[in-house]
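This report refers to the structure that appears directly beneath it.
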Amino acid sequence: MSDDPRLRGLYPLADDDPRWRHGARAVVRAALEGGATVVQLRLKHTPDGQALELARWAVERAREAGALLIVNDRFDLADLAGADGVHLGQDDLEPERVPAEVRARLHVGLSTHTLDQVRGSVARPVDAIAFGPLFGTRSKDSEFDARGLGALREAIRISPRPVIAIGGIHAGNLADVARAGARAAAVISAIADAEDPVEETRRLQTIFRAAGDARAEPALRSGKA
């Protein structure tokens with residue numbers, strides 16, 4: 395799948411970790427109602443049969459909203475569910491091993507945690523990369539320290555593909571992520587633990603867009619955009 399304009403702004407992850415206030419299904423609903431144009435389904439604890447049913451339901455909801463639905467880790471589940479894409483981690487099946495006929499149907503994202511991994515991704519068959527953990531995160535255990543905004547800017551400079559920032563992103567630092575040039579900002583707990591996940595989605599989307607628009611204005615005035 396080529397670069398899709400919906401892969402921009404807030405990138406909510408609907409996670410099935412039982413620690414969150416709102417489950418994966420509730421986060422999908424809230425994210426789409428709140429205006430997110432891409433949602434990733436992250437199912438680490440759900441049995442395969444239930445995961446497929448949930449993924450198909452999420453794909454239908456995303457289609458109705460005109461949004462993209464990405465499945466974490468598993469290209470087979472993404473393809474069976476009719477999802478728009480799959481997001482692969484460094485320890486998942488390599489993007490090169492996704493069958494060509496499936497690859498033609500799916501947007502493929504890849505997690506990166508170091509600038510060397512970003513450089514290595516340039517020649518790989520992926521459509522976007524995630525980079526992080528940016529500020530550290532409580533959503534998953536990671537062997538990597540917080541990367542920081544400077545490393546994010548360098549990752550964006552290196553990568554010819556959209557870069558999705560991830561890790562510890564919330565309302566207090568989201569504008570900085572957008573100003574750094576990230577195409578999208580992935581969040582889990584910021585929505586999954588919000589008192590009102592619909593309103594929080596709207597608020598975060600507004601913050602990202604405002605900061606991104608402000609960043610673009612100087613380039614537009616100079617004719618460099």
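Our numbering numbers the first residue of the sequence shown as 395 and each following residue consecutively.
Cβ coordinates follow ideal geometry from the N, Cα and C atoms, glycine included.
CA-to-CA distance, residue j to residue i, given in whole angstroms
i, j, result
"proline 591", "leucine 463", "18 angstroms"
"alanine 430", "alanine 424", "9 angstroms"
"proline 412", "glycine 443", "18 angstroms"
"glutamate 488", "leucine 528", "23 angstroms"
"proline 399", "histidine 564", "23 angstroms"
"isoleucine 550", "alanine 579", "13 angstroms"
"histidine 501", "glutamate 427", "23 angstroms"
"glycine 526", "lysine 438", "19 angstroms"
"aspartate 607", "leucine 401", "16 angstroms"
"arginine 450", "alanine 586", "20 angstroms"
"arginine 541", "aspartate 570", "14 angstroms"
"proline 556", "proline 441", "31 angstroms"
Where residue i falls, given that 16 or more other Cβ within 10 Å makes a residue buried
i, result
"glycine 460", "exposed"
"alanine 498", "exposed"
"aspartate 521", "buried"
"leucine 409", "Sequence inspection shows aspartate at residue 409; the leucine mentioned does not correspond to that position. Per the 10 Å Cβ criterion, buried."
"histidine 481", "buried"
"valine 516", "exposed"
"aspartate 397", "exposed"
"glutamine 484", "exposed"
"aspartate 510", "exposed"
"glutamate 594", "buried"
"glycine 445", "One point to set straight first is that residue 445 is alanine, not glycine, in the sequence displayed. Label assigned to alanine 445: buried."
"arginine 468", "buried"
"arginine 615", "Here the model assigns arginine 615 a pLDDT of 49, short of 50, so the residue's position is not dependable and the matter cannot be decided."
"arginine 436", "buried"
"alanine 584", "buried"
"histidine 507", "buried"
Option in the options with minimal Cα separation from residue i
i, options, result
"glutamine 434", "Ala545, Thr600 and Leu448", "Leu448"
"alanine 576", "Ala586, Ala584, Gly561 and Gly483", "Gly561"
"asparagine 567", "Gly530, Arg555, Phe469 and Gly479", "Gly530"
"alanine 452", "Arg415, Ala494 and Leu407", "Leu407"
"glutamate 454", "Gly476, Thr440 and Pro441", "Gly476"
"isoleucine 582", "Thr600, Leu471 and Ala559", "Ala559"
Beta-ladder partner(s) of residue i, from DSSP
i, result
"glutamine 434", "Leu407 and Ile464"
"valine 480", "Val465 and Val502"
"isoleucine 563", "Looking at the DSSP assignment, isoleucine 563 forms no beta bridge with any residue, so it has no partner."
"valine 581", "Pro406"
"isoleucine 558", "Ala524 and Ala578"
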